[in-house]
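Reading through the structure tokens given below for one structure.
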Amino acid sequence: MSLENGFIKDCIKRLSYYKELADKTFDQLSDEDLFYHANEESNSIAVIVQHMAGNMLSRFTGFLTEDGEKAWRNRDQEFEVALTTKDDMLNLWQKGWACVFHALEQLQPADLTKTIYIRTEPLLVYDAVLRQLAHYPHHIGQILYIGKMRKGASWQTLSIPRGGSNTFNDQMAGPRKQ
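Written out as structure tokens, the structure is:
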């Protein structure tokens, strides 16, 4: 596999992993949890999802041919509560990710060194992808943190449980320990 093909494949794999973490968080939360915000300056999970979906649809629609900041996007509006149910939020979430994955799956190795634009700023395609690979996990971390706060002791961990590192490492080492 070429470095370019590996890059595209690995970016899709990493983004899928982060999406799955958020999906597993949503599974644990009620509508009330998703719309909770700690204070007037903080965002609820639903608002974070609105923002992420708006960003995804803007950045990855016409990814190679249009500026990533679309005229139809209203970024400021993304931070106002518009969604009212968990189902609405999940539908918007899936729509955003479908756009991302569709665009990435269409990339060819030669596309990675093409120049695209975001807010008229020129970026090589691989750099624009890396930019989103940093942006989305940033917000997914916020989603997980809020989810964990809301669930407290009933939170079902999404990674190695507290106090479980040695057991995990032993399982991962498996037959190599010999």
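Sequence positions in the sequence shown follow the working numbering and run 40 to 217. Beta carbons: idealized from backbone N, C-alpha and C, even for Gly.
The residue from F207, I182, S198, R189 with its alpha-carbon nearest to that of M91 is I182. If the five residues before and after I179 are omitted, its C-beta is found closer than 7 Å to the C-beta atoms of Y57, L60, A61, all from its own chain and listed in chain order. If you draw a straight line from the Cα of N113 to the Cα of Q89, it comes to about 11 Å.
Two segments are said to touch when three or more pairs of C-beta atoms, one from each, lie closer than 8 Å; by this definition the stretch 46 to 56 touches the stretch 133 to 146. The C-alpha of G45 lies about 38 Å from the C-alpha of E119. In the DSSP annotation of this structure, the continuous segment of the alpha helix (DSSP H) that includes P176 starts and ends at 164 to 190.
A contact between stretches requires three or more CB pairs, one per stretch, nearer than 8 Å, and the stretch 80 to 88 meets this requirement with the stretch 122 to 129. Going by beta carbons, L163 and T152 fall inside the 9 Å limit. Between R201 and L68, the C-beta spacing is not below 9 Å.
R158 places its beta carbon less than 9 Å from that of D106. In this structure F99 is in contact with C138, their Cβ atoms being roughly 5 Å apart against a cut-off of 8 Å. Within the model, the alpha-carbon separation for T206 versus G135 is close to 37 Å.
Judged by beta-carbon spacing, K63 lies within the 9 Å limit of Q195, meaning their Cβ atoms are closer than that value. Contact check for I185 against D66 fails: the beta carbons are separated by 9 Å or more.
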